[in-house]
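Since the structure comes first, as structure tokens, the remarks are kept for the end.
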Amino acid sequence: MANEKKYNIGYALSGGFIKGFAHLGVMQALLEHDIRPDIISGVSAGALAGVFYADGNEPYKVLDFFSGHKFFDLTKFIIPKMGLFDLQEFIDFLESNLKAKNIEDLQLPFIITATDLDKGRMVHFNQGPLAERVAASCCMPVLFSPVKIGDTFYVDGGLFMNLPVSTIRKECEKVVAINVNPLIAKEYKKNILAIAFRSYNFMFQANTMNDRKKADLLIEPYNLHDYSNTELDKAKEIFTQGYNVAIDVLHGRLEESGKVWK
Numbered sequence: 001m002a003n004e005k006k007y008n009i010g011y012a013l014s015g016g017f018i019k020g021f022a023h024l025g026v027m028q029a030l031l032e033h034d035i036r037p038d039i040i041s042g043v044s045a046g047a048l049a050g051v052f053y054a055d056g057n058e059p060y061k062v063l064d065f066f067s068g069h070k071f072f073d074l075t076k077f078i079i080p081k082m083g084l085f086d087l088q089e090f091i092d093f094l095e096s097n098l099k100a101k102n103i104e105d106l107q108l109p110f111i112i113t114a115t116d117l118d119k120g121r122m123v124h125f126n127q128g129p130l131a132e133r134v135a136a137s138c139c140m141p142v143l144f145s146p147v148k149i150g151d152t153f154y155v156d157g158g159l160f161m162n163l164p165v166s167t168i169r170k171e172c173e174k175v176v177a178i179n180v181n182p183l184i185a186k187e188y189k190k191n192i193l194a195i196a197f198r199s200y201n202f203m204f205q206a207n208t209m210n211d212r213k214k215a216d217l218l219i220e221p222y223n224l225h226d227y228s229n230t231e232l233d234k235a236k237e238i239f240t241q242g243y244n245v246a247i248d249v250l251h252g253r254l255e256e257s258g259k260v261w262k
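Numbering (the UniProt record's numbering), first residue to last: 1 to 262.
Structure below.
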């Protein structure tokens with residue numbers, strides 16, 4: 001009894017900006033195979049995808065919330081001081097479309113990982129106002145101005161933990177890790193934004209290595225690298241890519257060993 005885990009299955013959802021829509025596709029495939037989470041741990045894009053499911057929406061229905069929106073509908077360009085864009089419109093969008101107002105009001109236990117920029121440490125939110133904490137977790141430095149909660153500034157949780165398996169590992173019998181931002185050293189444009197994003201991606205990917213090993217099931221779509229981070233109109237296509245990869249992984253595991261878990 002002492003070793004009994006609090007939860008059967010947990011999902012750990014990585015960061016990945018626009019690639020986060022692939023989380024929804026992977027989750028859809030998992031649910032169709034009756035692999036349902038009892039708790040979700042999300043960072044950045046993973047926090048965004050996961051929160052809509054934890055709020056009671058089927059993954060494929062979450063696409064409807066973003067339909068017709070463009071990147072610049074959810075952000076506002078500002079005179080650069082702490083970032084190029086402000087996330088208040090994104091916070092307003094979340095507050096308008098999520099039924100839960102606080103993390104503890106969600107239908108599933110939910111943990112949001114962000115970075116305390118002031119003290120240089122990782123934080124895990126499991127209670128408190130929801131929208132601003134999701135925004136804080138998604139707040140890529142330089143691109144977005146830090147999100148202030150209380151007296152503290154927060155930025156993207158991926159700086160320290162871009163695949164939050166460790167957050168729930170000890171509490172779960174099994175953890176499904178979905179990493180939509182695997183390491184791919186592809187060709188890249190030689191401009192300041194492309195170099196900045198590439199550098200961030202390498203940094204974020206490097207801190208996933210240990211957490212990848214701790215998962216009981218790891219799903220990593222490798223077919224997302226050509227999508228621009230502002231292509232909200234490609235959400236359904238990215239969803240489908242994630243779904244197809246997950247189906248291939250699950251069916252491959254079943255054919256190979258008769259089970260999806262390690």
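Where is the CB? At the ideal position from N, CA and C, for every residue including glycine.
Secondary structure of residue i, DSSP reduced to three states
i	result
I219	strand
I39	strand
L84	strand
L94	helix
E4	coil
A194	helix
A100	coil
K76	Any reading at K76 must be qualified, since the residue scores a pLDDT of 49, below 50, and its modelled position is unreliable; the value itself is stated next. Of the three classes helix, strand and coil, the one that applies to K76 here is strand, per DSSP.
S199	helix
V260	coil
A206	helix
Opening and closing residue of the beta strand (DSSP E) in which residue i lies
i	result
I9	7 to 13
Span of the alpha helix (DSSP H), counted from its first residue to its last, around residue i
i	result
residue 271	No statement about residue 271 is possible, as the shown extent of the chain runs from 1 to 262 and does not include it.
G46	45 to 54
G25	21 to 32
F17	Note, F17: premise wrong, no alpha helix (DSSP H); not H, not E.
D105	Per DSSP, D105 belongs to no alpha helix (DSSP H) and is neither H nor E.
K213	209 to 213
L63	59 to 66
Bridge-paired residues (DSSP) for residue i
i	result
T230	Paired residue(s): none; T230 is not in a bridge.
I111	S41
Residue i at chain C interface by Cβ criterion, 9 Å
i	result
S199	Protein chains in the displayed structure number just one, and chain C is not present.
Exercise for the section: Note down, one range per segment and in chain order, each alpha helix (DSSP H) of at least 4 residues found wholly within the region 115 to 192. Expected result: Segments of the alpha helix (DSSP H) lying fully in the region 115 to 192: 130 to 138, 166 to 169.
Problem - Stretch pair the region 162 to 181 + the region 1 to 21: three plus CB contacts closer than 8 Å - result: yes
Handout entry: contact_flag[the region 43 to 50, the region 211 to 229] where n(CB pairs < 8 Å) is 3 or more
Key = no
Exercise for the section: Would you be able to state if there are at least three C-beta pairs under 8 Å between the region 192 to 200 and the region 27 to 41? Expected result: no
Practice task
Please determine if the region 140 to 157 and the region 105 to 119 are in contact, where contact requires at least 3 C-beta pairs separated by less than 8 Å.
Solution key: yes
Exercise for the section: Determine, using beta-carbon pairs with one atom in the region 230 to 246 and one in the region 196 to 208, whether at least three such pairs fall under 8 Å. Expected result: Here the region 230 to 246 does not lie against the region 196 to 208, with fewer than 3 beta-carbon pairs under 8 Å apart.
Exercise for the section: Count the CB pairs spanning the region 124 to 140 and the region 88 to 107 that are closer than 8 Å, and state whether there are at least three. Expected result: yes
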